[in-house]
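Chain order of the listed sequences is A and B. Numbering-wise (my numbering), the first sequence opens with residue 439 and increments by one. Numbering-wise (my numbering), the second sequence opens with residue 17 and increments by one. Even glycine gets a Cβ: it sits at the ideal position worked out from N, Cα and C. Just so we're clear, the structure is a prediction, and the values are computed from it rather than from any experiment. Here the structure is laid out as structure tokens; the discussion comes afterwards.
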Amino acid sequence: MNALHEQFIAEARELIHQATDDLIAMEREGFALERIDRVFRAFHTLKGSAGVVALPAMGLTLHAAEDLLAAIHAGKLDASSAIVDQALACLDQVARWVDDFEAGGALPPSAGEDARSMAAMLRSLLSESGVTETAKKSAQRSSAPAAEGRLPKWVSRLIESHQGRIVDETRESPAELFAFSYEPDSQCFFNGDDPLNLMRKVPRLLAFHAEAHETWPPVADLDPFACNLRLQGISAGGHAELADIFRLVPDQVRLVEVPLEALRLDQAHGADDDDRVGLIRVVIEEQRQVLRAANQGDDMIGRIGAVSRAAANALRYGGLQDLADAIERANVAALSERNAGHLLSALDQTQALLPRASSAVPPDAAVVSGSADAQVEEAERPASRALRVDEGKIDALVNLAGELIVAKNGISHLARRLQDELEDRELARAVRREHDAIERLAGEMHAAILQLRMVPLAQVFRSFPRLVRDMSQRLGKKVRLVTNGETTEADKAIVDRLFEPLLHLVRNALDHGIENPEQRRTAGKAEGATVTMRASRAGDRFIIEVIDDGRGIDPAIVRRRARERGVIGDDELAALLDDQVIDLIFSAGFSTAAEVSDISGRGVGMDVVRATVERIGGRASVISRIGAGTTVRLDLPMNIAMSRIMVVSAGGQIFGIPMDAVTETVRLAPDRVSRIKNNDGFVLRDRIVPICSLAELMKLPQARPPGLDARLVIVTDISGKVIALEIDAIEDRLEVVLKPLQGLLSNARGYAGTTLLGDGRVLLVLDLKEILP
Amino acid sequence: MSVRREDDGTTIVLDGHCPVEEAEPLLQFLQASPAACLDWRQCTHLHTAVLQVILAARPQLIGPCGDAWVQRWVASNVL
């Protein structure tokens, strides 16, 4: 896989996403010309890149889709959901091919067949509907790699000005023609590049044109070392060779296949002079039309130049040098007086002077016209300023920064020893000062590196419009998806893991939350439902909410189900408030296979959502009002690399406890503790909180008999369950890089991970959810 | 020196191989004497940068260009 291919894959995926988004938005918000234009450009660029990496099957399919979109754009065809469906299916197919290409460097053997049937489907939409005659004609020519009129203007211009040679050459040895447009980087001279040398290497060059990329400045201001050229040409040398020549500058080159029919070979098949003259006649006639069509506007000068060039070339091709010279003289006169009349009468004269052709020229014959293609010219996207870096390299940096923080904690330990053991306050203070500086720098560096891994939530959000569209169609519900706050950023590791939980939430909302249109009407709601995905930042965490305006969750039903399925004891259930009951939907075993449907099924329940979210340090909660809808809220950390922990001792050992589980620490006088059943407990803000001893939980000897002294507990809140954990002392609070347990310990339950302490000891960090009863 | 100005100042001559460095002196000549002709018959190889100066300044050319590729593809269609 070379760099060109990698770039193609990344870009193709982006384009597919973008086109998908636009197609869906288009269907929802109306077929605005601008939108169609954007979709068309995305398809067009995709097709172009497929050409660059030589994937003709992909090009063929995209081309058919492009024609369809062009017909819509030109108003020849009405946009419909059927067309959007087919265009989306086409994108799906292309996405699969991109995957195949990434995996194996090639398309599967079936690609050609798939491409043809997909193209046929797309074209059938084109011919089915009320398309005008011309559009129909081009639809029937389905094998055409590019229909005329689809060619970018610059290609048409090249063909026009070198028509004779191109026709000759392709008649002698037919070949695939490719037009290229090469805009060398403005700094290329400094890199030792000589773009003209690439041009010299182009095999079977048939046409060439060089022009300024941006209008030439006055000669006095010209920078001789900044390249400001656009070099264009047509070659019959084959795609592979062109791609090879331009392999180092793929970003600066566009390759366009030139379909042979664009050359109007049908009028120039024979080698005899009659045909040649006939062709010249056509070209001259075309030029007259171009001139006549011109207003006396700004483009007049350009038209005069182009027309005279094309006419003179055509005449030279026919060996009519005198006539060509006459045209050029007329050109000079026309330009100097800014009056096309001179040229027009010269063309008329030429037409009269041309040897009589025996074969009549079809009146409607026209050379390639680049009509609707102005937008294609502008299709280049702004160069991306982003740098693509391998994820592994960033992870290595994250690890190093993590190690640096551990080393920094070591210095802090050293400073304490200096003070305690040597009682050298001066030195200890100096070390402490340096430590503070390193701490600040290491912290900043760590933060900066973590920032590299931050990606916008748009990455997960953007799959959803398509999903919601397809699901709502299948369910026969009208659903609008609104996304908010896609620019909120979080660590890639977190964002990547959010897709499944979110998918599940959205599926649930559509399947269970949102009512049928009739039900909604009966309930006095608008038929179209809204699902909102909203992300927002909250300090060093972020919140994602999935909100629907459906029927809401009925606590009574949840109670009944929870009882039936034994999710929770009856007493406990009775004690729960309605708000708390709803939370039971996150319990394991609450949703069962019985309700597995096509949409939200697969046997995964909301418990998996909560588990996944908690595994990345998040929390899931739900709020619902009957009849008004449901909001599931995910509260997530921005990154998982750093965790704040509290170091506590119990039973003579130290443990780490993640701070996000700790709500407060309380020192309990003996009289506050009361025995409830077999457990100790105390009342905290009108709520009874059970006390568990950490030493007991960890099967360690109790350090001291309970009873007389004040007891220290940390109050934890795990999934809404409040438990106080008794410890001997709080040793420290740290920010650490948590490493998952590895090797033999990797299956040990009850631990969230380990971290190295400043003095080299390994600290086990507890997973309270697993160890608390 | 592959770019030089004839003594009378009316003609600039490109001679032999014209590498990228020649773009600047050529431009200076053309700036100093905008009406000068450019004789490129002896030029055997033209660098892009030099050609760019010619395309931008459009001096009167005395040809054909000694660089056959440039003569074939640039002199006849572009200029």
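_Paired residues, beta bridge with His-501/A - DSSP_ = The count along the first sequence starts at 1 and reaches residue 501/A at position 63. Paired residues: none, contrary to the question.
*Minimum length 3: unbroken beta strand (DSSP E) runs contained in the segment 1044–1106 of chain A*: 1057–1063, 1067–1075, 1080–1088, 1091–1096, 1100–1106
*Count the other CB atoms, across all protein chains shown, that sit within 10 Å of the CB of Gln-725/A; report buried if there are 16 or more and exposed otherwise.*
For this step, residue 725/A is matched to residue 287 along the first sequence. It counts as buried.
*How should His-651/A be labelled, buried or exposed, when 16 other C-beta atoms within 10 angstroms of its C-beta is the threshold for buried?*
Taking the first sequence and counting its residues from 1, one reaches residue 651/A at position 213. Per the 10 Å Cβ criterion, exposed.
*So what does DSSP say about Trp-654/A, is it helix, strand or coil?*
Within the first sequence, residue 654/A is the residue found at index 216, counting from 1. Coil.
_Pull the bridge partners of Arg-20/B from the DSSP assignment, please._
To locate residue 20/B, count along the second sequence from 1; it is residue 4. Partner(s): Val-29/B.
*With 7 Å set as the bound, which would you pick, yes or no: does the beta-carbon of Trp-89/B sit closer than that to a beta-carbon of chain A?*
What you label residue 89/B is simply residue 73 of the second sequence in a count that begins at 1. Judged by the 7 Å Cβ criterion, Trp-89/B is in contact with chain A.
*Just confirm the distance between the C-beta atoms of Ala-853/A and Ala-866/A, as a whole number of angstroms; I'd bet it's less than 8 Å.*
Within the first sequence, the letter at position 415 stands for residue 853/A. Within the first sequence, the letter at position 428 stands for residue 866/A. About 6 Å separates the two Cβ atoms, so the contact holds.
*Got a sec? Which residues, its chain only, sit under 7 Å from Gln-897/A by beta carbon, not counting five neighbours each side?*
Reading the first sequence from its first residue, position 459 is the one you call residue 897/A. These residues qualify, in order along the chain: Val-933.
*CB contact below 7 Å: Asp-978/A versus chain B*: Residue numbering aside, residue 978/A sits at position 540 when the first sequence is read from its first letter. Cβ-Cβ to chain B under 7 Å: no for Asp-978/A.
_Extent of the continuous beta strand (DSSP E) to which Glu-1164/A belongs_ = The sequence position of residue 1164/A within the first sequence is 726, counting from 1. Element bounds for Glu-1164/A: 1159–1165.
*Starting from Gly-1191/A, trace the alpha helix (DSSP H) both ways and give me its first and last residue.*
Numbered from its first residue, the first sequence carries residue 1191/A at position 753. Unbroken run through Gly-1191/A is the beta strand (DSSP E), 1189–1194; no alpha helix (DSSP H).
*What's the gap between the Cα of Ile-1156/A and the Cα of Arg-1110/A?*
Working through the first sequence from its first residue, we reach residue 1156/A at position 718. Working through the first sequence from its first residue, we reach residue 1110/A at position 672. If I take the Cα positions, the gap works out to 23 Å.
*DSSP beta-bridge partners for Asp-1170/A?*
The residue labelled residue 1170/A in the question sits at position 732 within the first sequence. In DSSP, Asp-1170/A forms a bridge with Val-1085/A.
*When the distance is taken between beta carbons, is Gly-1055/A closer than 7 Å to Gly-988/A?*
On the first sequence, residue 988/A is found 550 positions in, with the first residue counted as 1. On the first sequence, residue 1055/A is found 617 positions in, with the first residue counted as 1. No.
*Please classify Thr-26/B: is it buried, with 16 or more other beta-carbons within 10 angstroms of its beta-carbon, or exposed?*
Counted from its first residue, the second sequence places residue 26/B at position 10. With fewer than 16 other Cβ atoms within 10 Å, it is exposed.
*Note down, one range per segment and in chain order, each alpha helix (DSSP H) of at least 4 residues found wholly within the segment 937–1017 of chain A.*
955–960, 993–1002, 1008–1013
*asked:* Any beta carbon of chain B sitting closer than 7 Å to that of Ala-817/A?
replied: As a working note, residue 817/A is residue 379 in the first sequence. Interpretation of Ala-817/A is limited by its pLDDT of 40, a score under 50 that renders its predicted location unreliable; no figure is taken from the coordinates.
*Does the separation of the CB atoms of Gln-690/A and Glu-621/A fall below 7 Å?*
Translated into the one-based positions of the first sequence, residue 690/A becomes position 252. Translated into the one-based positions of the first sequence, residue 621/A becomes position 183. Yes, they are a contact pair.
*asked:* Using beta carbons (cut-off 7 Å, strictly below), is His-63/B in contact with chain A?
replied: Residue mapping note: residue 63/B aligns to position 47 of the second sequence, counting from 1. Interface residue, yes.
*The beta strand (DSSP E) with Leu-453/A in it runs from where to where?*
Here the question's residue 453/A lines up with position 15 in the first sequence. Per DSSP, Leu-453/A belongs to no beta strand (DSSP E); it is in the alpha helix (DSSP H), 441–467.
*Rounded C-beta distance between Pro-939/A and Val-1051/A? I'm assuming under 8 Å.*
On the first sequence, position 501 is the one that residue 939/A refers to. On the first sequence, position 613 is the one that residue 1051/A refers to. The Cβ separation is near 6 Å, so the contact holds.
*Going along the segment 637–651 of chain A in order, which residues come within less than 9 Å of chain B, judged by CB to CB distance?*
Met-637, Arg-638, Leu-643, Ala-645, Phe-646, His-647, Ala-648, Glu-649, Ala-650
*Specify whether the segment 655–663 of chain A and the segment 458–476 of chain A touch according to this definition: at least 3 beta carbon pairs, one from each stretch, less than 8 Å apart.*
no
*Does the beta carbon of Ala-52/B sit closer than 7 Å to a beta carbon anywhere in chain A?*
Within the second sequence, numbered from 1, the residue matching residue 52/B stands at position 36. Chain A contact via Cβ: absent.
*Should Gln-58/B be flagged as near chain A, meaning a C-beta pair shorter than 7 Å?*
Position 42 of the second sequence, counted from the first residue, corresponds to residue 58/B. No - not a single Cβ of chain A is within 7 Å of the one on Gln-58/B.
*asked:* For a quick check, are the C-beta atoms of Arg-692/A and Ser-619/A less than 7 Å apart?
replied: Translated into the one-based positions of the first sequence, residue 692/A becomes position 254. Translated into the one-based positions of the first sequence, residue 619/A becomes position 181. Against a cut-off of 7 Å, the Cβ pair of Ser-619/A and Arg-692/A comes out as a contact.
_Extent of the continuous beta strand (DSSP E) to which Leu-698/A belongs_ = Counting from one through the first sequence, the residue named residue 698/A turns up at place 260. Run containing Leu-698/A: none; DSSP gives neither H nor E here.
*Whether Val-593/A touches Ala-617/A by CB criterion (7 Å)*: Residue numbering aside, residue 593/A sits at position 155 when the first sequence is read from its first letter. Residue numbering aside, residue 617/A sits at position 179 when the first sequence is read from its first letter. Yes, the pair counts as a contact, with Cβ atoms nearer than the cut-off.
*asked:* Spatial neighbours of Val-1005/A within its chain, please: C-beta separation below 7 Å, excluding the five flanking residues on both sides.
replied: Within the first sequence, numbered from 1, the residue matching residue 1005/A stands at position 567. So the qualifying residues of the chain are Leu-1022, Ser-1025, Gly-1027, Phe-1028.
*What does a CB cutoff of less than 6 Å around Arg-1048/A pick up in its chain, not counting 5 residues either side in sequence?*
Sequence index remark: in the first sequence, residue 1048/A carries index 610 (1-based). So the list reads Phe-1024, Ala-1058, once near-sequence residues are dropped.
*When the cut-off is 7 Å and only beta carbons count, does Asp-632/A lie next to chain B?*
Here residue 632/A is taken as the residue at index 194 of the first sequence, counted from 1. Interface residue, yes.
*Just tell me which of Glu-40/B, Val-29/B, Val-69/B has its CA closest to the CA of Met-55/B.*
Reading the second sequence from its first residue, position 39 is the one you call residue 55/B. One point to set straight first is that residue 55/B is Asp, not Met, in the sequence displayed. If we check each option's Cα against that of Asp-55/B, Val-29/B comes out closest.
*Using a C-beta cutoff of 7 Å, does Pro-662/A count as contacting chain B?*
Locating residue 662/A in the first sequence gives position 224, where the first residue counts as 1. It does: the Cβ of Pro-662/A has a partner Cβ on chain B nearer than 7 Å.
_Please list, in chain order, the chain B residues whose beta carbon lies closer than 9 Å to that of Leu-667/A._
Against the first sequence, residue 667/A aligns to sequence position 229. Residues of chain B passing the Cβ test: Thr-64, Leu-67, Gln-68, Leu-71.
*Could you work out which residue in Leu-471/A, Arg-609/A, Leu-1183/A, Trp-535/A is closest to Ala-509/A when comparing CA atoms only?*
Numbered from 1 along the first sequence, position 71 holds the residue referred to as residue 509/A. With distances taken between Cα atoms, Ala-509/A lies closest to Leu-471/A.
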